[in-house]
Amino acid sequence: MSTIFSSLPIVDLSPLQNTQGPSESEVEDLSTQLHNVFATTGFAYLVNTPLTFKHADVFGLALEFFSLPHEEKMNLAKKSFRKENANTYRGYFPTQPEQATDNLKEGFEIGSANSVETRSNPSRDARLDLSEPNVWPAKDSYPSRQRLEKFYTELQTLSSRLLSLLAMSLGKPADFFDPYLTNSLSTLRLLHYPPCGTTSIPSNDTYSRDDTTTPPPEPSDPVKLSCTPHTDSGILTLLHQDSTGGLEVQDSSGKWVPAPYIPESIVVNIGDLMAKVSGGRFIATMHRVRAPPASTTSVEKDGNNKDEDVDGSRTRFGRFSVPFFFEPGENCVVRSVDDETGNGLVYGEHMRAKMKTWVEYN
Ligand SMILES: O=C(O)CCC(=O)C(=O)O
Ligand SMILES: [Fe+2]
Numbered sequence: 037m038s039t040i041f042s043s044l045p046i047v048d049l050s051p052l053q054n055t056q057g058p059s060e061s062e063v064e065d066l067s068t069q070l071h072n073v074f075a076t077t078g079f080a081y082l083v084n085t086p087l088t089f090k091h092a093d094v095f096g097l098a099l100e101f102f103s104l105p106h107e108e109k110m111n112l113a114k115k116s117f118r119k120e121n122a123n124t125y126r127g128y129f130p131t132q133p134e135q136a137t138d139n140l141k142e143g144f145e146i147g148s149a150n151s152v153e154t155r156s157n158p159s160r161d162a163r164l165d166l167s168e169p170n171v172w173p174a175k176d177s178y179p180s181r182q183r184l185e186k187f188y189t190e191l192q193t194l195s196s197r198l199l200s201l202l203a204m205s206l207g208k209p210a211d212f213f214d215p216y217l218t219n220s221l222s223t224l225r226l227l228h229y230p231p232c233g234t235t236s237i238p239s240n241d242t243y244s245r246d247d248t249t250t251p252p253p254e255p256s257d258p259v260k261l262s263c264t265p266h267t268d269s270g271i272l273t274l275l276h277q278d279s280t281g282g283l284e285v286q287d288s289s290g291k292w293v294p295a296p297y298i299p300e301s302i303v304v305n306i307g308d309l310m311a312k313v314s315g316g317r318f319i320a321t322m323h324r325v326r327a328p329p330a331s332t333t334s335v336e337k338d339g340n341n342k343d344e345d346v347d348g349s350r351t352r353f354g355r356f357s358v359p360f361f362f363e364p365g366e367n368c369v370v371r372s373v374d375d376e377t378g379n380g381l382v383y384g385e386h387m388r389a390k391m392k393t394w395v396e397y398n
């Protein structure tokens with residue numbers, strides 16, 4: 037359980053921007069800071085990151101994708117949404133208002149551009165291929181494919197650096213978790229929450245890379261959600277959110293604490309897996325997203341809401357966010373740092389079990 041808090045801490049990553057690399061004392065300091073935030077709130081803002089992508093770039097990539105015609109997006113839909121498609125894990129998922137109006141979002145997910153087949157027995161579960169290649173719109177309709185692939189690579193590199201700082205903070209060598217990252221299954225997800233003025237229907241359905249522990253909605257809580265309460269499943273999540281607001285994080289008293297937009301920041305949080313690996317020292321904190329109100333204006337490419345969208349058509353977009361789920365390889369054996377000799381958990385199996393609870397795979 038997290039502690040009681042009223043806002044999320046901010047961690048300044050400027051030492052990682054230095055091309056010479058951070059000094060020894062900066063490494064120590066960052067490692068301690070990250071340990072402290074993940075052991076208390078489980079969530080933080082990262083500022084002055086070494087990413088070359090600005091918010092304007094990131095939300096421009098999302099806007100470009102979600103502005104594609106519906107049919108073109110559906111050509112990339114996962115098999116569970118369009119049975120003639122071959123992709124089971126990567127690709128597009130449409131909004132499902134009939135399933136869960138408190139989870140109203142469309143998304144597009146990619147893995148590594150260099151994904152290699154890692155299923156130990158491909159025929160065993162052809163229904164779900166965690167290491168399948170990405171699917172893409174035609175080049176003309178989505179010219180930014182390479183940009184998105186580059187963004188993925190930068191996020192993977194930044195996450196790996198954070199993980200080595202966490203390894204040190206747990207008394208391990210900086211490269212302790214490197215074997216986890218062989219054929220890493222990290223996912224970059226573009227998310228679009230349409231503006232929603234409709235009444236939320238309480239539902240336990242979730243589409244999220246999240247825990248199964250979605251609590252029932254509080255009866256007296258009139259909050260309309262676009263993403264139900266959950267914890268993330270992997271190592272870390274690095275989230276870009278636009279200025280719409282709506283992300284909330286639960287503290288140990290059960291209170292929902294807003295995590296408002298901070299320009300050019302990334303929100304980072306611990307996933308279930310890292311909570312386990314840390315021997316419970318780090319916390320995978322519950323979070324949720326409030327539905328963007330019907331009056332929400334569109335988002336401009338710089339992440340700031342404006343009445344006009346980038347081509348001036350006054351389309352009302354709702355909210356964009358871009359989580360990056362940092363995950364180990366499918367065959368990675370995951371163990372607590374306190375229990376290096378004990379039985380581990382094979383990550384791919386853990387994921388498959390968890391996904392049976394996700395609405396789009398049922
Ligand atoms: O959109 C957001 O701000 C958060 C999304 C999220 O928590 C998730 O996709 O796991
Ligand atoms: Fe999440």
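Quick note: the sequence shown uses the numbering used here, first residue 37, plus one each step.
Glycine included, every Cβ here is placed at the ideal spot set by N, Cα and C.
Check: Would you say D268 and A320 are within 8 Å of each other, going by their C-beta atoms?; Outcome: yes
Check: Judging by CA-CA distance, which residue of S67, W292, T55, F95 is the nearest neighbour of I302?; Outcome: F95
Check: Label P265 either buried or exposed according to how many other C-beta atoms from any shown protein chain fall within 10 Å of its C-beta, with 16 as the threshold for buried.; Outcome: buried
Check: I'd like to confirm the pairing. Which residues does DSSP put opposite V293 in its beta bridges?; Outcome: V285
Check: Throw me the rounded Cβ distance for the P224 and E145 pair, which I believe falls under 8 Å.; Outcome: Rather than Pro, the amino acid found at residue 224 in this sequence is Leu. Right, their Cβ atoms sit about 7 Å apart.
Check: Please give the ranges of any alpha helix (DSSP H) in the stretch 46-106, keeping only runs that are unbroken, at least 4 residues long and fully inside the region.; Outcome: 60-76, 91-102
Check: Should S195 be counted as a contact of ligand 1 given a C-beta to heavy atom distance under 7 Å?; Outcome: no
Check: When every heavy atom of ligand 1 is checked, does at least one fall within less than 7 Å of the C-beta of C232?; Outcome: no
Check: For the candidate residues F41, Q135, Y188, whose alpha-carbon lies nearest to that of F466?; Outcome: Since the displayed the chain opens at 37 and closes at 398, residue 466 lies outside it and no answer follows.
Check: When burial is assigned at 16 or more other CB atoms within 10 Å of the CB, is L202 buried or exposed?; Outcome: buried
Check: With a threshold of 16 other CB atoms inside 10 Å of the CB of F76, please say whether the residue is buried or exposed.; Outcome: The amino acid at residue 76 is misidentified as Phe; the sequence shows Thr. Buried, because 16 or more other Cβ atoms sit within 10 Å of the Cβ of T76.
Check: Tell me whether Q192 is buried or exposed, calling it buried when 16 or more other Cβ atoms sit within 10 Å of its Cβ.; Outcome: buried
Check: Indicate whether the contact test is met: 3 or more Cβ pairs, each with one atom in the stretch 79-89 and one in the stretch 99-118, closer than 8 Å.; Outcome: no
Check: Grab me the residues of P230's own chain with a C-beta within less than 7 Å of its C-beta, minus the 5 sequence neighbours each way, in chain order.; Outcome: T131, L140, G354
Check: Under the three-state reduction of DSSP, which class applies to F361: helix, strand or coil?; Outcome: strand
Check: Just how far apart, CA to CA, sit F318 and H71?; Outcome: 8 Å
Check: Inspect the CB distances between the stretch 207-224 and the stretch 365-383 and report whether three or more fall short of 8 Å.; Outcome: yes
Check: What are the boundary residues of the alpha helix (DSSP H) that G378 is part of?; Outcome: First-last for G378: undefined, no H or E at that position.
Check: Ligand 1 and V94: does the residue's C-beta get closer than 7 Å to at least one heavy atom of that ligand?; Outcome: no
Check: From the DSSP output, in three-state form, read off D241 for me.; Outcome: Its pLDDT being 32, under 50, D241 is placed unreliably in this model, and the coordinates cannot settle the point.
Check: Classify T264 as helix, strand or coil using the three-state DSSP reduction.; Outcome: strand
Check: F89: which of H276, G315, L227, G207 sits nearest, CA to CA?; Outcome: H276
Check: In the structure shown, what three-state DSSP assignment does A122 receive?; Outcome: coil
Check: Label S59 either buried or exposed according to how many other C-beta atoms from any shown protein chain fall within 10 Å of its C-beta, with 16 as the threshold for buried.; Outcome: exposed
Check: Kindly indicate the opening and closing residues of the beta strand (DSSP E) around E142.; Outcome: 142-146
Check: Any chance the CB of H276 is under 7 Å from a heavy atom of ligand 2?; Outcome: no
Check: Identify which residue in K109, F102, E107, L206 has its Cα closest to the Cα of V313.; Outcome: L206
Check: Cβ-heavy atom distance between D176 and ligand 2 below 7 Å?; Outcome: no
Check: Please look up how many angstroms separate the CB atoms of E366 and S167, rounded, as I've assumed it's under 8 Å.; Outcome: 6 Å
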